[in-house]
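Working notes, structure below.
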Amino acid sequence: MQKQKVKMAILDMNNDEPNQGLRCIADIAKSFNKEVDFKIYNVRAKNELPDLSYDIYISSGGPGSPLEEGTWRQPYLDLIQNLWDFNKNSSEEKKYVFLICYSFQVVCDYFQLGEMKPRKSTSFGIMPVHKTKEGIKDRMLDGLDDPFWAVDSRSWQLIQPRLKVFKEKGCKILSLEKIRTHVEYERAIMAVRFSEEFVGTQFHPEADPVGMYAHFSEAVNRQKVITNYGEAKYNDMMDKMDDEDKIIRTYSVILPKFITEAIHHNTHQLIS
Numbered sequence: 002m003q004k005q006k007v008k009m010a011i012l013d014m015n016n017d018e019p020n021q022g023l024r025c026i027a028d029i030a031k032s033f034n035k036e037v038d039f040k041i042y043n044v045r046a047k048n049e050l051p052d053l054s055y056d057i058y059i060s061s062g063g064p065g066s067p068l069e070e071g072t073w074r075q076p077y078l079d080l081i082q083n084l085w086d087f088n089k090n091s092s093e094e095k096k097y098v099f100l101i102c103y104s105f106q107v108v109c110d111y112f113q114l115g116e117m118k119p120r121k122s123t124s125f126g127i128m129p130v131h132k133t134k135e136g137i138k139d140r141m142l143d144g145l146d147d148p149f150w151a152v153d154s155r156s157w158q159l160i161q162p163r164l165k166v167f168k169e170k171g172c173k174i175l176s177l178e179k180i181r182t183h184v185e186y187e188r189a190i191m192a193v194r195f196s197e198e199f200v201g202t203q204f205h206p207e208a209d210p211v212g213m214y215a216h217f218s219e220a221v222n223r224q225k226v227i228t229n230y231g232e233a234k235y236n237d238m239m240d241k242m243d244d245e246d247k248i249i250r251t252y253s254v255i256l257p258k259f260i261t262e263a264i265h266h267n268t269h270q271l272i273s
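Numbering (the working numbering), first residue to last: 2 to 273.
As structure tokens, then:
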């Protein structure tokens with residue numbers, strides 16, 4: 002009996018700006034090529050959106066304000082709501098959704114989980130991320146240290162969680178940004194489990210150390226980072242890039258585990 006492949010939609014939220022994240026997501030998807038077929042949709046630049054026939058939806062990071070009122074926004078939020086409602090109303094078949102950085106921010110704002118505000122300065126680099134009590138026991142972060150390390154690149158942040166809304170929706174905070182003892186700013190929420198099938202991170206779990214190292218080693222990209230963030234930040238990022246206990250581990254755990262779980266859940270539908 003021949004197995005049918007699981008269908009994955011990759012939602013490109015980069016608005017046609019150059020990025021490494023989309024390539025990284027596609028590379029992870031390709032590593033499951035025997036089990037997964039995927040298609041990329043250019044959401045913000047071309048208003049492309051998938052229908053509800055996919056099993057897995059991975060929505061990327063992207064530039065700009067997560068509060069932007071583009072023509073893509075309402076159709077995108079309608080898709081998210083339809084996927085959410087589908088899972089609530091279906092006892093067996095489920096749609097798996099992973100939201101990365103910009104997408105995470107857009108959906109957290111839509112669900113009114115907290116305050117979405119600009120940061121005082123952009124967070125950029127390879128940063129420690131701390132698990133909450135819920136995060137310590139959550140399967141998404143199982144296999145990662147506490148704190149674990151991830152690529153962080155954001156000018157906005159989700160803070161001041163509305164705990165009543167979290168409770169009503171059944172959402173859980175899984176991780177918080179690094180502890181900063183020298184400032185009084187509130188720590189941003191870095192990962193949320195919205196439901197059994199919906200999860201998201203405000204960091205970049207898709208960041209591929211090999212590809213990123215090659216990308217940022219190029220003179221034009223190196224200079225861009227130094228101009229925007231300083232040489233010390235650039236050197237620190239490059240030093241941490243290939244550490245086995247940092248983003249290599251995060252890259253190998255979070256998204257692959259999420260995709261594997263979705264495949265296993267949909268196994269009963271794969272036999273034709």
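All C-beta atoms in this analysis are idealised placements derived from N, C-alpha and C, irrespective of residue type, glycine included.
With DSSP as the reference, please indicate the residues paired to residue i in a beta bridge.
i, result
"Met-117", "Leu-159"
"Trp-150", "Pro-129"
"Lys-40", "Ala-10"
"Ser-274", "Residue 274 lies beyond the residue range present for the chain, which begins at 2 and ends at 273; the question has no answer from this structure."
"His-205", "Val-152"
Taking the alpha helix (DSSP H) that residue i falls in, what are its first and last residues?
i, result
"Arg-24", "22-31"
"Thr-202", "No alpha helix (DSSP H) contains Thr-202, which is instead part of the beta strand (DSSP E) from 199-202."
"Lys-6", "Careful: Lys-6 lies outside any alpha helix (DSSP H) and carries neither H nor E."
"Ser-218", "210-218"
"Lys-247", "Careful: Lys-247 lies outside any alpha helix (DSSP H) and carries neither H nor E."
"Glu-187", "Looking at the DSSP string, Glu-187 is not in any alpha helix (DSSP H), and its letter there is neither H nor E."
"Phe-112", "Where Phe-112 is concerned, there is no enclosing alpha helix (DSSP H), given that its DSSP letter is neither H nor E."
Taking just the CA atoms, how far does residue j sit from residue i?
i, j, result
"Phe-259", "Tyr-235", "30 Å"
"Leu-145", "Lys-40", "29 Å"
"Met-14", "Asn-267", "26 Å"
"Gln-82", "Lys-95", "14 Å"
"Ser-66", "Gln-5", "39 Å"
"Glu-135", "Phe-105", "18 Å"
"His-131", "Met-242", "19 Å"
"Ser-60", "Glu-232", "31 Å"
"Glu-18", "Pro-64", "8 Å"
"Met-213", "Asp-143", "24 Å"
"Glu-197", "Leu-78", "19 Å"
"Phe-195", "Asp-139", "12 Å"
"Glu-185", "Glu-178", "Because the pLDDT at Glu-185 is just 47, under 50, the model does not fix this residue reliably, and the point stays unresolved."
"Asn-1", "His-265", "Only positions 2 to 273 of the chain appear in this structure, which leaves residue 1 out of reach."
"Lys-225", "Lys-31", "30 Å"
"Thr-228", "Phe-217", "13 Å"
"Glu-262", "Arg-163", "29 Å"
"Arg-250", "Leu-23", "19 Å"
"Glu-49", "Glu-70", "16 Å"
"Pro-206", "Gly-62", "10 Å"
"Ser-253", "Cys-25", "12 Å"
"Met-141", "Phe-87", "22 Å"
"Glu-169", "Phe-112", "11 Å"
"Glu-1", "Cys-172", "Lying outside 2 to 273, the shown extent of the chain, residue 1 is not represented and no answer is given."
"Glu-116", "Leu-80", "22 Å"
Per DSSP, what kind of secondary structure is residue i in: helix, strand or coil?
i, result
"Lys-89", "helix"
"Gly-1", "A question about residue 1 goes unanswered here, because the residues of the chain that appear run from 2 up to 273."
"Gly-63", "coil"
"Ser-124", "strand"
"Phe-99", "strand"
"Lys-241", "helix"
"Asp-143", "coil"
"Thr-261", "helix"
"Asp-17", "coil"
"Lys-35", "coil"
"Thr-251", "helix"
Can you name the start and end residues of the beta strand (DSSP E) that residue i belongs to?
i, result
"Ser-60", "57-60"
Using beta-carbon positions only, say whether residue i and residue j come within less than 8 Å of one another.
i, j, result
"Ile-29", "Ile-127", "no"
"Val-44", "Met-9", "no"
"Thr-202", "Ala-215", "no"
"Trp-85", "Phe-199", "yes"
"Tyr-58", "Leu-12", "yes"
"Ile-160", "Lys-118", "yes"
"Arg-188", "Cys-102", "no"
"Ala-208", "Val-152", "yes"
"Trp-150", "Pro-129", "yes"
"Leu-256", "Phe-33", "no"
"Tyr-230", "Phe-125", "yes"
Taking only beta-carbon positions, decide if residue i is within less than 8 Å of chain C.
i, result
"Asp-56", "Here there is only one protein chain, and chain C is not present."
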